[in-house]
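A.B. asks: To convert, note that position 69 of the sequence shown is 70 in the numbering used here; the numbers rise steadily by one, no gaps.
For glycine and all other residues, C-beta sits at the position ideal for the given N, C-alpha and C.
Take a look at this one; I'll ask things after.
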Amino acid sequence: MSIIGGIGAFAAETASGMTSPAAGMLGEREVVRNTGKQAIVSFLESQTCYSVLRSSGKVVVFDTRIPIQLAFYALVEHDMQAAPLWDPKRCQFVGILTVTDFIDVLRYYRETGADVLTLASRSIADILADEGILSTVLKKNPPRRYSSSVEEGTGADQHSFFLSVDADANLARACHLLHDQTMDFLPVMLPSDMRVLATITYTCVLEHLVSNFREQRRLFDDTIYDLGIGTYGEDVVVAYHNQTLHEVLHTLYLHGLSAVPVIDENTKKIKGVYSRSDITFLTKASDAEDAVSNLNLTLDVLMAQQRTDVTTPDALHTCSTRHTLQYVFEYFAQWKFNRLICVDDEERVVGVVSARDLVAYFL
């Protein structure tokens, strides 16, 4: 990534044309920050969603009539975290199903005491029509990612309330849609025949950015902490290694988080990261009843058995509040992380910086 380059010359003047050294430096820093933001935004506006798509790939689409349990295993088999849903009765796409949705359904069965053995025969449509499930564990992020209204100018195409973006829309519009609609996966549609080409994420956008953005001026030398990128201090939600999976998933749900740093209860030092999409407890289960029982396992046990395919959480990547935005870009170019855990010199968690935070900063 060629974000590093020569130093641009910037100056800030007062109305009288004179500034103090401190005020001048402060004004210059603000100009550099705004210039850096505008450079990224201009790049995103010049790129289409089509440019983010891989040269080869596959899209898995689920008919809403198939059993939800079968759909989940299909996601795992195809190494995918999400798939669009097609309603054959309405002849249109109606949402996206993710690995996390299936895990949330299992949480519902555990919390309500419902017979989990019936899950094997329930279709995706049955789950979407179940108000009990939708009003509890799926209330904040239902598989039916409908939107009854989309602001003009966002580049979004509703396609009968299926929130998506056309392939020829620019990336800046796609990023706004991801952010404003709090989406993790944004379907990219081919306008001519309403075909889903792929789903893009914040990580996809950042990967395209670090691979193709070119800038010769040094515009990103401020620290991520000074720029306010990420979550810090008391606002950081953590989990303890001896907590049960059910407790941690409930915490993630309450705070609307996709992952949480795991720390030692005594030393407060970082031990790892746990993601809502981690399917370790499912792969160790013989059936749905066993999977629900595994929600009582502690993170210690699960993190020692974590899988390494696409559906598992990221490996632990750390940084400090002293690291610059430039450093984070370069680190992402190498590791393609979804989040960085900020730690102090004692390896205690002080913040979290996600791919979403990085994209949101430029918006």
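(1) Does the count of Cβ pairs from the region 274 to 284 and the region 222 to 233 closer than 8 Å reach three?
(2) Please check the pair TRP87 and ASP64, which I expect to be a contact at CB under 8 Å, by giving their CB distance rounded to whole angstroms.
(3) Determine the DSSP secondary structure at GLY28, reduced to helix, strand or coil.
(4) Kindly indicate which residue of ASP194, PHE94, TYR203 and LYS90 has the alpha-carbon position closest to the one of VAL53.
(5) Checking the sheet assignment: what are the DSSP bridge partners for ASP88?
(6) With a CB to CB cut of under 7 Å and the five nearest residues on each side skipped, what residues in its chain are close to SER123?
(7) Compute the beta-carbon to beta-carbon distance between VAL238 and THR252, rounded to the nearest angstrom, for a pair I have assumed lies under 8 Å.
(8) According to DSSP, is VAL237 part of a helix, a strand, or is it coil?
(9) Which parts of the region 61 to 87 are runs of the alpha helix (DSSP H), unbroken and 4 residues or longer, counting only runs that do not cross its ends?
(10) Looking at the structure shown, is ALA126 part of a helix, part of a strand, or coil, going by DSSP?
(11) I'd like the list of long-range same chain contacts for VAL100, defined as Cβ closer than 8 Å, with 5 residues on each side in sequence excluded.
(12) Taking DSSP as the reference, what is the three-state secondary structure of LEU198?
(13) At which residues does the alpha helix (DSSP H) containing SER294 begin and terminate?
(14) How many whole angstroms separate the CB atoms of VAL1 and VAL360, which I take to be in contact at a CB cut-off of 8 Å?
(15) Is ASP167 helix, strand or coil when you go by DSSP?
(16) By how many angstroms is the C-alpha of LYS270 removed from the C-alpha of ARG1?
(17) Does TYR275 come out as helix, strand or coil in the three-state DSSP assignment?
C.D. replies: Short version:
(1) The region 274 to 284 makes no contact with the region 222 to 233: fewer than 3 CB pairs, one atom from each, lie closer than 8 Å.
(2) The residue given as residue 87 occupies position 86 in the sequence shown. The residue given as residue 64 occupies position 63 in the sequence shown. By a beta-carbon distance limit of 8 Å, TRP87 contacts ASP64. Their separation comes to about 6 Å.
(3) For the purposes of this step, residue 28 is identified with residue 27 of the sequence shown, where counting begins at 1. Here GLY28 sits in helix by DSSP.
(4) Walking along the sequence shown from the start, residue 53 turns up at place 52. Out of ASP194, PHE94, TYR203 and LYS90, TYR203 has the C-alpha closest to the C-alpha of VAL53.
(5) Taking the first residue of the sequence shown as 1, we reach residue 88 at position 87. In DSSP, ASP88 forms a bridge with GLN93.
(6) Within the sequence shown, residue 123 is the residue found at index 122, counting from 1. The sequence as given places Arg at residue 123; Ser does not occur at that position. Excluding residues within five positions, the ones whose Cβ falls inside 7 Å are PRO68 and ILE69.
(7) As a working note, residue 238 is residue 237 in the sequence shown. As a working note, residue 252 is residue 251 in the sequence shown. About 7 Å separates the two Cβ atoms, so the contact holds.
(8) Translated into positions along the sequence shown, residue 237 becomes position 236. VAL237 falls in the coil class under three-state DSSP.
(9) Qualifying alpha helix (DSSP H) stretches, in chain order: 69 to 78.
(10) As a working note, residue 126 is residue 125 in the sequence shown. Residue state, collapsed to three classes: helix.
(11) The count along the sequence shown starts at 1 and reaches residue 100 at position 99. PHE73, LEU76, VAL77, GLN82, ALA83, SER278, ILE280 and THR312, listed in sequence order.
(12) Taking the first residue of the sequence shown as 1, we reach residue 198 at position 197. In the three-state scheme derived from DSSP, where H, G and I count as helix and E and B as strand, LEU198 is classed as strand.
(13) Here residue 294 refers to the residue found at position 293 when the sequence shown is read from its first residue. Segment 289 to 294, the alpha helix (DSSP H) holding SER294.
(14) No answer is possible for residue 1: the residues shown for the chain start at 2 and end at 364.
(15) Counted from its first residue, the sequence shown places residue 167 at position 166. DSSP places ASP167 in strand when its eight states are reduced to three.
(16) Absent from the model: residue 1. The displayed extent of the chain is 2 to 364, so no value can be given.
(17) Here the question's residue 275 lines up with position 274 in the sequence shown. If DSSP states are grouped into helix, strand and coil, TYR275 belongs with the strands.
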